[in-house]
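Here's the structure, in structure tokens; my notes come after.
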Amino acid sequence: MYQMYKDNHIHNSTVSRFIYEREFHKLKLSFKKPKVDTYHKCDNLQMQIKTAEESKNEDMLITYRNTLNIHQSNADLGYSSKAIDKEISKNNPEKECFSFDLQQCLPTPYLQSSLAFYKRQLWTFNLTIHNNADGQSFNYMWHEAVAGRGANEIASCLFKHLINNTPNNVTEVTFYSDTCGGQNKNSHVSAMFLKIIHMLPNINIINHKFLVLGHTHMECDVDHSLIEKQKKNSNSYIPPT
-19 MYQMYKDNHI HNSTVSRFIY EREFHKLKLS FKKPKVDTYH KCDNLQMQIK TAEESKNEDM
41 LITYRNTLNI HQSNADLGYS SKAIDKEISK NNPEKECFSF DLQQCLPTPY LQSSLAFYKR
101 QLWTFNLTIH NNADGQSFNY MWHEAVAGRG ANEIASCLFK HLINNTPNNV TEVTFYSDTC
161 GGQNKNSHVS AMFLKIIHML PNINIINHKF LVLGHTHMEC DVDHSLIEKQ KKNSNSYIPP
221 T
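Residue numbering for the sequence shown follows this note's numbering, beginning at -19 and increasing consecutively.
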């Protein structure tokens, strides 16, 4: 942090590290490790490794450790692939890279009263498509009275996004998502991509890459966190009875 402080004030005089630490501790600030959901496969393997260590079963210990290492290597490979495609899209205007995910269902209206827990609320859905090159996010929202949240709805949002937001110079588009079969990894989305290639002659390639199950943190998850944070500060509208 001290180095970041110096970098941000490179043209101005900066205090010494001693003074920086002293003032920092005066503010009584602290850092908390963020809560991250863990994947059940990783948890199971960790428990099996611990059990094998306690029982001193070397064969099972080696097997579980190798399985965990392979799983984590595949997860890292997915993140590395996304980072490479993201960097390519920043430097090559003919290639675009997106991440997309469906946000947790939004109850409408958003009420903090405990009584709302027992009421049937209208569910609103939000699919976020994040441009990994420039950081711009597109949110496609609808409620349950309009449609569900299955493969057709996801394909429709992606179709609309590609039709309305793809520059004429783009020849290759790459999408990243999780492996949810009912929404992302299915024939409906694949057929839609094929239709886009026929409709937009400038697009030659559409890649759809899937992150390893349980290791699917993407840029659009940050967008969802911002929405949830802002939602808490919004005013609720209650129509008259």
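No residue lacks a Cβ here, since even glycine has one placed at the ideal position from N, Cα and C. Computed from a prediction, not measured in an experiment: that's the story for all the values here.
For residue i and residue j, what's the separation of their Cα atoms in angstroms?
i: I186; j: F78; result: 11 Å
i: E208; j: L86; result: 9 Å
i: E1; j: L102; result: 50 Å
i: K189; j: H178; result: 21 Å
i: G130; j: T196; result: 19 Å
i: V169; j: C200; result: 19 Å
Drop a sphere of 10 angstroms on the beta-carbon of residue i, count the other beta-carbons inside from all chains shown, and report buried for 16 or more, exposed for fewer.
i: E76; result: buried
i: M27; result: exposed
i: Q163; result: buried
i: K62; result: buried
i: M172; result: buried
Contact check, residue i vs residue j under 8 Å by CB: the rounded distance?
i: G58; j: L191; result: 4 Å
i: T154; j: I183; result: Incorrect: roughly 11 Å between the Cβ atoms, too far for contact.
i: I143; j: L107; result: About 15 Å separates the two Cβ atoms, so there is no contact after all.
i: F118; j: L82; result: About 13 Å separates the two Cβ atoms, so there is no contact after all.
i: L25; j: L48; result: 4 Å
i: N149; j: E74; result: 6 Å
i: Y90; j: K211; result: 6 Å
Which residue wins for smallest C-alpha separation from residue i, given the options the options?
i: Y44; options: M198, I177 and T31; result: T31
i: F80; options: A55, M198, L206 and N213; result: M198
i: N71; options: T88, I42 and A113; result: A113
i: F4; options: D39, Y(-18) and K189; result: Y(-18)
i: M121; options: C137, N111, G130 and H110; result: C137
i: G194; options: C22, K211 and H168; result: C22
Minimum length 4: unbroken alpha helix (DSSP H) runs contained in the segment 129 to 193: 131 to 145 and 167 to 179
Runs of beta strand (DSSP E) wholly within the segment 66 to 95 (minimum 3 residues, chain order): 75 to 82 and 86 to 88
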